[in-house]
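Asker:
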Amino acid sequence: FRYAGLSLEEHVVVDPGCFRPTDPMELLADASKAGRELGWNPQIKLHDLVKIMVDADMRAAGLEPRGEGDRILATKFPHRWWMVD
1260 FRYAGLSLEE HVVVDPGCFR PTDPMELLAD ASKAGRELGW NPQIKLHDLV KIMVDADMRA
1320 AGLEPRGEGD RILATKFPHR WWMVD
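Quick look at the structure:
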């Protein structure tokens, strides 16, 4: 929300009645197992992926994207289609 210039509080309503006692309070991801077992390592960090996706969604909605996500794509993958999009 911050990247898109929006207020989380104005757009998200949390209903405590929807929480289940067994739901974890925090979820964490770790790609190191994929690196060890498959030799795969992410080329894009999660917070950068969010910026890329928000820019794409803003463009699809007819809004001017913030642009940082587009710059990340252009830097990480300079020979891809979005360079001429």
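Add 1259 to the 1-based position in the sequence shown for this note's numbering, that's all there is to it. Note that beta-carbon positions come from the ideal geometry of N, C-alpha and C, so glycine has one too.
Given a cut-off of 7 Å on the beta-carbon distance, is the pair ASP1314 and ASP1329 in contact?
Answerer: In contact: ASP1314 and ASP1329 (Cβ atoms closer than 7 Å).
Asker: For the alpha helix (DSSP H) holding HIS1338, just list the boundary residues, first then last.
Answerer: No alpha helix (DSSP H) holds HIS1338; DSSP gives it neither H nor E.
Asker: Is DSSP giving ILE1311 helix, strand or coil here?
Answerer: Of the three classes helix, strand and coil, the one that applies to ILE1311 here is helix, per DSSP.
Asker: Take ASP1282 and list the residues in its own chain whose beta-carbon comes closer than 7 Å to its own, dropping the five residues that flank it on each side.
Answerer: None.
Asker: Rounded to a whole number of angstroms, what is the C-alpha to C-alpha distance between ARG1295 and GLN1302?
Answerer: Answer to the nearest angstrom: the Cα atoms are 15 Å apart.
Asker: Which same chain residues, not among the five before or five after HIS1270, have their C-beta less than 8 Å away from its C-beta?
Answerer: Closer than 8 Å at Cβ, skipping near neighbours: PHE1260.
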